[in-house]
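**Student:** A single structure is presented below for examination.
2 protein chains.
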Amino acid sequence: MKGNFVEKITNMEDDFAKWYTDVVTKAELVDYSSVRGSMIIRPYGFAIWENIKNELDNRIKETGHENVYMPLFIPESLLQKEKDHIEGFAPEVAWVTHGGEEELTERLCVRPTSEVLFGEHYKDIIHSYRDLPKLYNQWANVVRWEKTTRPFLRTLEFLWQEGHTCHETEEDADKETVQMLRVYADICEQILAIPVIKGKKTEKEKFAGARYTYTIESLMHDGKALQSGTSHHLGDHFAKAFGIQFTDRNGTQSYVQQTSWGFTTRIIGAMIMVHGDDRGLVVPPRIAPTQVMIIPIAQHKEGVLDFTYELKKQLQTSFRTGLDASDKKPGWKFNEYEMKGIPVRLEVGPKDIEQKQVVLVRRDTGEKLAVPLDGLEQTIANLLHNIQENLLTKATEHREANTHIARDFDTFKKQANEQKTGFIKAMWCGDRVCEDFIKEETGATSRCMPFEQEKISDKCVCCDKEADALVYWAKAY
Amino acid sequence: MKGNFVEKITNMEDDFAKWYTDVVTKAELVDYSSVRGSMIIRPYGFAIWENIKNELDNRIKETGHENVYMPLFIPESLLQKEKDHIEGFAPEVAWVTHGGEEELTERLCVRPTSEVLFGEHYKDIIHSYRDLPKLYNQWANVVRWEKTTRPFLRTLEFLWQEGHTCHETEEDADKETVQMLRVYADICEQILAIPVIKGKKTEKEKFAGARYTYTIESLMHDGKALQSGTSHHLGDHFAKAFGIQFTDRNGTQSYVQQTSWGFTTRIIGAMIMVHGDDRGLVVPPRIAPTQVMIIPIAQHKEGVLDFTYELKKQLQTSFRTGLDASDKKPGWKFNEYEMKGIPVRLEVGPKDIEQKQVVLVRRDTGEKLAVPLDGLEQTIANLLHNIQENLLTKATEHREANTHIARDFDTFKKQANEQKTGFIKAMWCGDRVCEDFIKEETGATSRCMPFEQEKISDKCVCCDKEADALVYWAKAY
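These protein sequence lines map, in sequence, to chains X and A. Using the working numbering, read the first sequence as starting at 13 and increasing by one per residue. Using the working numbering, read the second sequence as starting at 13 and increasing by one per residue.
Next comes the structure, spelled out in C-alpha cells:
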C-alpha cells in the first residue's frame, strides 16, 4: 500500500536502529528475503548504487585501471597460500561442497575477496618490468558469513569493486594506495556529501595479509563511525606466496609490490545515516536517481497535466526529472518523495501557470520558493548545487561538533559512555595491549591514525607511556 | 611474451575447436584459472562485454524496466517450490553446506537463475492491478555445474542479465516475451552483426518451468548453431507456486502472468565464431573497445610520434582510438591488432605526413586505402559503418549458404553427416518421439520453430505423419 508513506517512521532520537530499518524499507531501498542476512536491493536502492558505481568507475578508468572479471569460487588450497589471509577469512567464508549430485574432492569457498585469484593470474601474465604496473579492477559480489546483519551495513553478500594492482617498487605501490584512497574520499565528499577522515589503520585493524591499510572513516548521525573505504599496501606478501616475479630494470628477478582496495554498497548505509532525518531519506543531488519531482496541483483543472508533461520534457534534458500524475492526493505524494529523499519537489497548479511560476521545495531544509518559469533551468541548477553543498557543510559541522579530545583515560571513558560518542581524538603509544584495553573498557575501537597528525599530548591516553601517534577512536558499525 | 602474437594460430578448417581456444587466449580475451570450468575475463574481453552490456542495458531501460539485485543464494526449500523448475536445475547447481565453521541446517544453492527469488519478492509487493506490470531486470553472475566447459560457450559460472516481469494478462506477458526477444535480436544483428532466426522452442527444449520459450538461434562458421538468447512465457506456474495474486480490474483475485528472459557472456563466443578468421578475432565496430589503432611508421624520424599523438587526440573525440608508440616493430603490431580484431588500423609515416594522408587498413577485408587527412573523421566514420554492414552481410550469406532443406529422412541424415551441418529446415509432426529419434540418429537437435513458418512438405521428416510445423534443426553448442 502506498499509504505506508504517510505512516510516521520512528523518531531518530528515540531509536536510531529502528529509524534506520524504517527508512531502508519505507523508502523502498531494500526488502528482506528468505535468505538469511541477504538483501534484495530494490529499484530505487539499485539506481542509487548505479549512480555511485558510474562515478567511481569513471575515476577508476581515468586513473588508468582496467576492469576484469575473476571466478566466484576459490579452491580451498588456493585460499590457504597466504597464511595471514586464510586466518583472517576462514571463519567467515561460505563453502561449496557439492556440485549437482556429486561431492567435490576439494571444497570451494565463495570469494570473500579476490587477492588469491589475482595472485595466481598475475603470476602467469607478469614477466618483466615492461609488464608493470598492472592496474586491474573488478565489480563483483562477495560473501562473508556474518552472524548479525543489517541492510547495506553488514550483509552476508554485498556488492563492491575490488582493485588489485602490481608495481615495480614499494614506493609505486604506496602512491597507488594513497591515490585510490583519495579517489574514495573524493567520491564520499564530492558526490555523496560525506566528509571523511583519511588515515592509516593500526596493525590490529589492518587487512588480513596486508603490510598496512589506509582507510577513510565517516561519522554517522548517532555518533558512531563507519569505515567507508579501504586501500591496502600488500607489500610482497602475496607475491611471495604466489611467486609473482619479474625481471627488473637491472636484470634481476624481483617480487612485485601489490595493492588492493575496495568500496562497497555499505556506503549507501552511510549516506542514509549521515543525511537522513525524521521524514526519511535525504539523497544528495549528484547521485539522486530523481533530482526533481514534479507534482501537479489541482490536476483535474484544465491545462495542468498538459503543462506538467511539457515541463517534464523540458527539464529532463538537464535534470533527472520525475512527474507523479497519479490520482493520489498531493499531500500523500509530498510525503512519499520526502521519504525517498528526492532533492527538489516542484509544485505547479493553475494559479502558478497563470503567474508563470512554479514552487520549488528543498528536501534538505524544507524551504519553499516561488520562482519564475523564466530561467527555471538555471534556478534549479543553482538550487541543486546549493543543496549538495549544504549537505556536506551540515555533515562536516555535525562531525566537528561530535569530535572530542581526550588527554586522559577518564575523559576518554566518560566521552565513550555518552549516548552520542562521536570521534575521540587521543594519543596512543602504539602498543596492542592499550588498544585492546581501550576497546574492552570503553567499547571504542581505533578508527585510524589520521594523515594529518597533531600532537595533543606527549603520553598515551591509556598507559601514560610515550605517545607514538594521534588516533581517532569511536564506536563503529 | 608479446611475441606470441606472431605465432600462427591453428587454421579454422583444420581444427575449429583448437582455433577457437587459440583465439580466445591469444587475443587475450580470457585466461584459465585453477577453478575448474571457470574463466578469467581479461581486460580486452571484459571491455567487449561492457560495451554489449551498455547497449543492452539502455534498451532494457528504454522499454521501461528497472534494475534490481537479488541474493546469490537460494535456500533448497525455495528452489523446490516449482516442480518442473527444480527438476530441471537440481542436477546442475552448486550447494553451499557450510558457513564459516558451522554446518547449515538447510543447504543453499548458488543461483542458476532467479525465478524463485523474484517469485517470493513479487508475492510481497504486488497486490493490485495498479502494481502491474512489474518490469525488473538484474545483471548478475550465475552458476551451473557443467561437466565439460569451454570459455564463453559453456562455463561453470557466467555473467548475464535476467529479466523477470509480472503482468495482468497472458497476452500482456506474451507481448513482453516477444518484445524482449526482439531486443535481443536487435543487439545481435545491429550491434554484433550476427543474424538470428527468431522462433519458439519445442516442449522438450523449453525452459524448466515455462509455458513456452522463444529463442534466437545463430549459425557459427563451422556450421553449428548457438542459442543466443531466450525469452520465456512462464504463465502462472510460478505465480501459483508462490501465491503471487492481485486484485484485478473486476475486483477478483487473480494470479499474475510472468515472463523471464536472459542474455549472457556466451554471445562473445558467438561473435568470435561468426566473424573470426585465420588471423584471429574480428570485432564489429559498434562494440570494439578500440575502433581505430594508430601505428606510427618509422617512428624514430622527427615529427612522426608528435604527429600521431596529435592525431589520436583529434580522433578520440569521435572514435575509440588507440596508439601503439611502443618500440616493437610495426609488423608485430599489425599482427597483434589483427589477432585482437580491431576494425581499422591507421598507419602513418614521414611520407604520409608530407603528403597529408594516412593509410587505413580494414580488418574484415584486409583492404588498404591511402586517404587524405582532410575529412578524415568522415572517412573513418563511413569505413566503420561499411565494416559493420559488411560483417552482417557476410554472416547472413554464410548462414544462407549453410541452410538446407530436407523433405525426407535420408536427405536429413546425409546433411547432418556433412562436416559442416548447418541449419536443416524440415517439417515435424510435433511428437517428442520423432524429436528424440532425430537427435539419436543424426546428432541434430531442434533449434526452433521459426516465427516465419513455411510449408515445405505435408509430412513429418521423420515419421511421415501429418506435419505440424517447420523446424530449424542443427548440431549445436
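Built from N, CA and C at the ideal position, the CB exists for glycine as well. Model, not experiment: these values are computed from the prediction.
On the premise that residue 175 of chain A lies in contact with residue 192 of chain A, defined as a C-beta separation below 8 Å, what is that separation, rounded to the nearest angstrom?
**Tutor:** Rounded, the Cβ-Cβ distance is 6 Å, consistent with contact.
**Student:** Determine whether the Cβ of residue 47 of chain X lies closer than 8 Å to any Cβ atom of chain A.
**Tutor:** True, the Cβ-Cβ gap to chain A drops below 8 Å.
**Student:** Check whether the Cβ atoms of residue 134 of chain A and residue 256 of chain A lie closer than 8 Å to each other.
**Tutor:** In this structure, residue 256 of chain A lies closer than 8 Å to residue 134 of chain A by Cβ.
**Student:** Restricting to Cα atoms, I'd like to know which of A:343, A:382, A:42 and A:116 is closest to residue 281 of chain A.
**Tutor:** The residue with the shortest Cα to Cα distance from residue 281 of chain A is A:42.
**Student:** One question on the structure: do residue 104 of chain A and residue 158 of chain A come within less than 8 Å of each other, judged by their Cβ atoms?
**Tutor:** Going by C-beta atoms, residue 104 of chain A is nearer than 8 Å to residue 158 of chain A.
**Student:** Please name the residue, chosen from X:79, X:112, X:93 and X:100, that lies closest to residue 88 of chain A on a Cα-to-Cα basis.
**Tutor:** That would be X:112, whose Cα lies nearest to the Cα of residue 88 of chain A.
**Student:** Determine the burial state of residue 21 of chain X: buried for a count of at least 16 other Cβ atoms within 10 Å of its Cβ, exposed for fewer.
**Tutor:** Burial call: buried.
**Student:** Are any of the Cβ atoms in chain A nearer than 8 Å to that of residue 480 of chain X?
**Tutor:** No, residue 480 of chain X lies away from the interface with chain A (no Cβ there is under 8 Å from its Cβ).
**Student:** Using a Cβ cut-off of 8 Å (strictly closer), state whether residue 133 of chain A contacts chain X.
**Tutor:** Closer than 8 Å to some Cβ of chain X, the Cβ of residue 133 of chain A qualifies, so yes.
**Student:** By Cβ distance, which residues of its chain are closer than 7 Å to residue 417 of chain A, with the 5 residues on each side in sequence left out?
**Tutor:** Taken in chain order, the residues that qualify are 437 and 468.
**Student:** Here's the rule I'm using: 16 or more other beta-carbon atoms within 10 Å means buried, otherwise exposed. How should residue 262 of chain X be labelled?
**Tutor:** The residue in question, residue 262 of chain X, is exposed, as its Cβ has fewer than 16 Cβ neighbours within 10 Å.
**Student:** Can you tell me whether residue 463 of chain X is buried or exposed? The criterion is at least 16 other CB atoms within 10 Å of its CB, across all chains shown.
**Tutor:** Residue 463 of chain X comes out exposed.
**Student:** Quick one: what does DSSP say residue 67 of chain X is sitting in, helix, strand or coil?
**Tutor:** Note: residue 67 of chain X maps to helix in three-state DSSP.
**Student:** Contact defined as beta carbons within less than 8 Å: I believe residue 365 of chain A pairs with residue 319 of chain A. What is the distance between those atoms, to the nearest angstrom?
**Tutor:** Residue 365 of chain A to residue 319 of chain A, Cβ: 5 Å. Contact.
**Student:** Assign residue 247 of chain X to buried or exposed, taking buried as 16 or more other Cβ atoms, counted over all protein chains shown, within 10 Å of its Cβ.
**Tutor:** Under this definition residue 247 of chain X is a buried residue.
**Student:** Just to confirm the assignment, what range does the alpha helix (DSSP H) spanning residue 144 of chain A have?
**Tutor:** Element bounds for residue 144 of chain A: n/a, residue is neither H nor E.
**Student:** With distances taken from CA atoms, which of X:117, X:240, X:93 and X:289 is nearest residue 129 of chain X?
**Tutor:** Nearest option by C-alpha distance: X:93.
**Student:** Going by beta carbon distance, what residues of the same chain come within less than 8 Å of residue 14 of chain A, once the five residues before and after it are set aside?
**Tutor:** In this prediction, residue 14 of chain A scores a pLDDT of 42, lower than 50, which makes its location untrustworthy; the coordinate-derived value is nonetheless stated afterwards. Counting only Cβ-Cβ distances below 8 Å, and skipping sequence neighbours, we find 340, 344 and 348.
**Student:** Could you say which of X:114, X:115, X:119 and X:110 lies nearest to residue 102 of chain X if we only look at CA atoms?
**Tutor:** Nearest option by C-alpha distance: X:119.
**Student:** For residue 298 of chain A, does the three-state DSSP call read helix, strand or coil?
**Tutor:** Residue 298 of chain A: helix per DSSP, three-state reduction.
**Student:** Compute the distance between the beta-carbons of residue 154 of chain X and residue 125 of chain X, then report whether it is under 8 Å.
**Tutor:** Yes, these two residues count as a Cβ contact at 8 Å.
**Student:** Taking residue 483 of chain X as the reference, give the member of X:160, X:460, X:472 and X:476 with the closest Cα.
**Tutor:** That would be X:460, whose Cα lies nearest to the Cα of residue 483 of chain X.
**Student:** Residues in its own chain within less than 7 Å of residue 298 of chain X by CB, not counting five upstream and five downstream?
**Tutor:** Closer than 7 Å at the Cβ level, and outside the excluded window around residue 298 of chain X, lie 203 and 400.
**Student:** Is the separation between the beta-carbon of residue 186 of chain X and that of residue 244 of chain X shorter than 8 Å?
**Tutor:** No; because the gap between Cβ atoms is not below 8 Å, this pair is not in contact.
**Student:** What residues are listed by DSSP as bridge partners for residue 173 of chain X?
**Tutor:** X:151 and X:275.
**Student:** Given that a residue counts as buried once 16 or more other Cβ atoms are within 10 Å of its Cβ, and exposed if not, what is residue 352 of chain A?
**Tutor:** So residue 352 of chain A ends up on the buried side.
**Student:** Is it true that the CB of residue 97 of chain A sits closer than 8 Å to the CB of residue 221 of chain A?
**Tutor:** In contact: residue 221 of chain A and residue 97 of chain A (Cβ atoms closer than 8 Å).
**Student:** Go ahead and pull the three-state DSSP assignment for residue 224 of chain A.
**Tutor:** Three-state DSSP puts residue 224 of chain A in a strand.
**Student:** Does any residue of chain A bring its CB to less than 8 Å from the CB of residue 110 of chain X?
**Tutor:** True, the Cβ-Cβ gap to chain A drops below 8 Å.
**Student:** Measure the CB-CB distance between residue 491 of chain A and residue 396 of chain A and report whether it falls below 8 Å.
**Tutor:** Outside the displayed span of chain A (13 to 489) sits residue 491 of chain A, for which this structure offers no information.
**Student:** On the three-state DSSP scale, how would you describe residue 402 of chain A?
**Tutor:** Residue 402 of chain A falls in the helix class under three-state DSSP.
**Student:** Below 7 Å on C-beta distance, what does residue 157 of chain X contact in chain A?
**Tutor:** Under the 7 Å cutoff, chain A gives 111 and 112.
**Student:** Quick one: complete alpha helix (DSSP H) runs, 4+ long, within the stretch 308-389 of chain X?
**Tutor:** The stretch 308-389 of chain X contains these whole alpha helix (DSSP H) runs: 316-327, 342-351 and 362-366.
**Student:** On a CA-only basis, which of A:374, A:48, A:376 and A:359 is nearest residue 368 of chain A? Give me that one, please.
**Tutor:** Closest by alpha carbon: A:359.
**Student:** When the Cα atoms are used, what is the spatial distance from residue 448 of chain A to residue 474 of chain A?
**Tutor:** Going by the C-alpha atoms only, they are around 10 Å apart.
**Student:** Check whether the stretch 67-86 of chain X and the stretch 40-57 of chain A touch, using three or more Cβ-Cβ pairs below 8 Å as the test.
**Tutor:** Contact holds: three or more Cβ-Cβ distances are below 8 Å.
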